[in-house]
Amino acid sequence: MTWLLGRLSSGLTIRVNLFADLISLFAGAVLAARIAHGPAGISANQLLAVSAGACTIWILVSTALRHYDPAALDRRRGDDLAMVTVLVMAAGTWVALVQIVAAPLASPPPPGLFIALVWPATVALRLLAVRPLSGRENPLEEVLIVGTGPMARLTGQDLLRRGRRRIVGYVPFSNEREGDRALLRRAMQLTVPIIGNCDELESVLRRTAVAEVYIAGNARKHEDEMQRAIQICERMGIPFAIPAYTFRLERAWPLSNRDGYLHCLPYEEKPWQMALKRLFDIVCSATALWVLAPLLVAVMVLIKITSRGPIFFRQERAGLRGKPFTVLKFRSMVVNADDLRRSLADRNEQTGPVFKMRADPRVTWVGRFIRRYSIDELPQLVNVLRGDMSIVGPRPPLPEEVAQYEPWQLRRLCVCPGLTCIWQVSGRSQVSFEQWMYMDMQYIDDWSLRRDVDLIFKTLPAVLTGRGAS
278 MTWLLGRLSS
288 GLTIRVNLFA
298 DLISLFAGAV
308 LAARIAHGPA
318 GISANQLLAV
328 SAGACTIWIL
338 VSTALRHYDP
348 AALDRRRGDD
358 LAMVTVLVMA
368 AGTWVALVQI
378 VAAPLASPPP
388 PGLFIALVWP
398 ATVALRLLAV
408 RPLSGRENPL
418 EEVLIVGTGP
428 MARLTGQDLL
438 RRGRRRIVGY
448 VPFSNEREGD
458 RALLRRAMQL
468 TVPIIGNCDE
478 LESVLRRTAV
488 AEVYIAGNAR
498 KHEDEMQRAI
508 QICERMGIPF
518 AIPAYTFRLE
528 RAWPLSNRDG
538 YLHCLPYEEK
548 PWQMALKRLF
558 DIVCSATALW
568 VLAPLLVAVM
578 VLIKITSRGP
588 IFFRQERAGL
598 RGKPFTVLKF
608 RSMVVNADDL
618 RRSLADRNEQ
628 TGPVFKMRAD
638 PRVTWVGRFI
648 RRYSIDELPQ
658 LVNVLRGDMS
668 IVGPRPPLPE
678 EVAQYEPWQL
688 RRLCVCPGLT
698 CIWQVSGRSQ
708 VSFEQWMYMD
718 MQYIDDWSLR
728 RDVDLIFKTL
738 PAVLTGRGAS
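Everything in the sequence shown is counted per this note's numbering, starting at 278 for the first residue and increasing by one.
#1: Provide the residue span of the alpha helix (DSSP H) that contains histidine 499, from first to last.
#2: Quick one: what does DSSP say leucine 605 is sitting in, helix, strand or coil?
#3: Taking 7 Å as the threshold (C-beta atoms), are leucine 394 and alanine 309 in contact?
#4: What number of angstroms, rounded off, separates the C-alpha of glycine 670 from the C-alpha of serine 384?
#5: On a CA-only basis, which of Arg408, Ala575, Met366 is nearest alanine 349? Give me that one, please.
#6: Using the C-alpha atoms, what's the distance from glycine 305 back to histidine 314?
#7: Could you name the residues that DSSP lists as bridge partners for glutamine 815?
#8: Please go through the same chain and pick out, in chain order, the residues whose beta-carbon is closer than 6 Å to the beta-carbon of phenylalanine 296, but skip the five residues on each side of it.
#9: Is leucine 281 helix, strand or coil when you go by DSSP?
#10: Where does arginine 748 sit, in a helix, a strand or coil, going by DSSP?
#11: To test your reading of the DSSP string, which unbroken alpha helix (DSSP H) runs of 4 or more residues are found completely within the segment 698-736?
#12: Among the residues of its own chain, which have a CB less than 8 Å from the CB of threonine 279, if the five just before and after it don't count?
#13: How is alanine 488 classed by DSSP in three states: helix, strand or coil?
#14: Using beta-carbon positions only, say whether methionine 714 and glutamine 681 come within less than 7 Å of one another.
#15: Rounded to whole angstroms, how far is the Cβ of glycine 424 from the Cβ of phenylalanine 450, which I believe are closer than 8 Å?
#16: Between methionine 716 and isoleucine 733, how many whole angstroms is the CB-CB distance? I'm expecting something under 8 Å.
#17: When you compare the segment 336-354 with the segment 551-568, are there three or more beta-carbon pairs, one atom per stretch, that lie closer than 8 Å?
#18: For a quick check, are the C-beta atoms of phenylalanine 557 and cysteine 541 less than 7 Å apart?
#19: Taking the alpha helix (DSSP H) that isoleucine 647 belongs to, which residues open and close that run?
#20: Is it buried or exposed, glutamine 719, if we count other Cβ atoms within 10 angstroms and call 16 or more buried?
#21: Going by beta carbon distance, what residues of the same chain come within less than 6 Å of cysteine 332, once the five residues before and after it are set aside?
#22: Relative to the alpha-carbon of arginine 823, which residue among Glu511, Ala406, Ser725 has its alpha-carbon at the smallest distance?
#23: Please classify phenylalanine 517: does DSSP put it in a helix, a strand, or coil?
#24: Just reading off the beta strand (DSSP E) that arginine 442 is part of, what are its end residues?
#25: Would you mind reading off the limits of the alpha helix (DSSP H) that contains valine 293?
#26: Within the continuous alpha helix (DSSP H) that includes serine 667, where are the two ends?
#27: Using the Cα positions of aspartate 501 and isoleucine 515, report the straight-line distance between them to the nearest angstrom.
#28: Helix, strand or coil for leucine 342 per DSSP?
#29: In chain order, what residues of the same chain have a beta carbon less than 6 Å from the beta carbon of arginine 442, not counting five sequence neighbours either side?
#30: When you compare each of Leu605, Val578, Val576, Leu579 to phenylalanine 590 by their alpha carbons, which one comes out closest?
#31: For the structure I just gave you, are there three or more beta carbon pairs, one from the segment 562-571 and one from the segment 656-666, closer than 8 Å?
#32: Looking only at its own chain, which residues have a Cβ that is under 7 Å from the Cβ of threonine 290, when we skip the five neighbours before and after it?
#33: Helix, strand or coil: which one does DSSP assign to isoleucine 472?
#34: Considering just the uninterrupted stretch of the alpha helix (DSSP H) at valine 661, what are its terminal residues?
#35: On the CB-based measure, 16 or more other CB atoms within 10 Å of its CB, does isoleucine 749 come out buried or exposed?
#36: From the DSSP secondary-structure annotation, give me the bridge partner or partners of isoleucine 422.
Shown next, in the form of structure tokens:
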């Protein structure tokens, strides 16, 4: 009776799925221990260690295998069943390891019983609840389709049927006729926006933030334009999907071949390291907020008693794939700083579209101190915890700065923005804008978890000495 629920918010079923799976793991560990050893068979600390370890393994493996990616719900039921089984076995392996190590000292839950309890619960949740309910969600992502011919019609109908992605428009190839567009409108049973043409794809992508571009053409008729579209997406760092033909890829990394398309990313995917990166972000940001709470409170009080206006400064920034989000900072300037910036434009000391001044008259005396040691950035730990940002990644730009980027510079938006980056530890305001952009490209191309750890250790002395701060 899913019709009773109406439309659900984007991504709700996946979040509920993860939360319910973790509850199932904890409940499975408790029940298995009680059934095997009775109420007093295992202490609370031992039970916490078993369930916490199982949950951590589950999160890492599921992130690496993209189990909670909305696109994973388009898999066949048999594939979903196999994926849940792999996850349960991975968690069960942890329980078995605990039993081997701790058996002489404690009575951990038997791994076989743990698996027998958890597997039916997680399978039933995924197949009987999550998959049906996911079709009631509002579209989570926006996509653009290049082409208006038969391939584009089939692609649009398939995306509409799945309901998890919203088509923002179609960009026709140069030799496609108006008749193709009329057929497209009839097939989709709605007014389909036609946005420019293939020669204008770069400017269309500048104006429209999309999660992916479907290049839906015929390789024999549109080979040159399809190849050009691939190059534009690669240069701008936008994920794209091409029919399962052979095209030349210069920078993109093929990700998967599903729904008749080869889906490509503008960087090399390292799923296990990405899973660890997100886990690290959550643990690190939560711990830092707790440890630094006295400092955060002291700064809040200082800002409030020394200048009028709010404690926090909220500003819209461009996040992953250009999607806007609200970044949090301690307010370090006077309340009308944005208005004063226009009158200071001729005193900008940075090249490119960004604005930087060493002796900025808009900065308060408290602001000067917290900016020197990057304390004003600490509220962004909340952004990291929410998933808007990462600990390490290119700094989030302003939308008006992005509008002035050259095409190759837009590629820095293909990864999650971060608190610190190569620019942060290389002199900050002393580095030209073009050097800054090249540093971000280097980070994207050479990314690894080890590189992130190195940058974090380099950030600490740079922040403590205030090196390069404006």
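Yeah, the Cβ is synthetic: ideal placement off N, Cα and C, and Gly gets one too.
Let's see:
#1: Going by DSSP, histidine 499 is part of the alpha helix (DSSP H) stretching over 496-513.
#2: Annotated three-state conformation of leucine 605 is strand, per DSSP.
#3: Taking C-beta atoms as the reference points, alanine 309 and leucine 394 count as a pair closer than 7 Å.
#4: Rounded to the nearest angstrom, the two C-alpha atoms are 44 Å apart.
#5: Considering only alpha carbons, the answer is Arg408.
#6: Cα to Cα, histidine 314 sits roughly 14 Å from glycine 305.
#7: The chain is shown only over 278 to 747; residue 815 falls outside these bounds and no answer can be derived.
#8: The beta carbon of phenylalanine 296 is closer than 6 Å to none in its chain, skipping five residues each way along the sequence.
#9: With a pLDDT of only 44 at leucine 281, under 50, the local geometry of the prediction cannot be trusted, and no value is derived from it.
#10: For residue 748 there is no data in the structure shown, the boundaries of the chain being 278 and 747.
#11: Within the segment 698-736, the runs of alpha helix (DSSP H) that reach at least 4 residues and sit entirely inside it are, in chain order, 710-722.
#12: Annotation note: pLDDT 44 at threonine 279 (below 50); position unreliable, coordinate value reported separately. Within the same chain, threonine 279 has close Cβ partners Pro409, Leu410, Gly412, Arg413.
#13: If DSSP states are grouped into helix, strand and coil, alanine 488 belongs with coil.
#14: Glutamine 681 sits away from methionine 714, with the two beta carbons spaced by 7 Å or more.
#15: That pair is a contact at about 6 Å.
#16: The distance from the Cβ of methionine 716 to that of isoleucine 733 is about 16 Å, inconsistent with a contact at the 8 Å cut-off.
#17: Remark: three or more beta-carbon pairs, one from each stretch, lie closer than 8 Å, so the segment 336-354 and the segment 551-568 are flagged as touching.
#18: No.
#19: Start and end: 642-649.
#20: Classification of glutamine 719: exposed, given that the 10 Å Cβ count is below 16.
#21: The residues Leu299, Leu302, in chain order, have a CB closer than 6 Å to that of cysteine 332 in the same chain once the five nearest residues on each side in sequence are set aside.
#22: Residue 823 lies beyond the stretch modelled for the chain, which goes from 278 to 747, so this question has no answer here.
#23: It is a strand residue.
#24: That run of the beta strand (DSSP E) goes 442-448.
#25: From DSSP, the alpha helix (DSSP H) with valine 293 extends over 289-314.
#26: Taken as a continuous stretch (DSSP letters only), serine 667 belongs to no alpha helix (DSSP H), being part of the beta strand (DSSP E) at 667-669.
#27: Approximately 19 Å, taken between the alpha carbons.
#28: It is coil, neither helix nor strand.
#29: Around arginine 442: Pro416, Glu418, Val420, Leu436.
#30: Across the set Leu605, Val578, Val576, Leu579, the C-alpha of Leu605 shows the shortest separation from the C-alpha of phenylalanine 590.
#31: Counting Cβ pairs under 8 Å, three or more are found: they touch.
#32: Once the five neighbours on either side are set aside, the close Cβ partners of threonine 290 are Val407, Leu410, Ser411, Glu414.
#33: If DSSP states are grouped into helix, strand and coil, isoleucine 472 belongs with coil.
#34: Boundaries of the alpha helix (DSSP H) around valine 661: 657-663.
#35: Past the boundaries of the shown model lies residue 749; the chain is included only from 278 to 747, so the question cannot be answered.
#36: Per DSSP, Tyr447, Tyr491.
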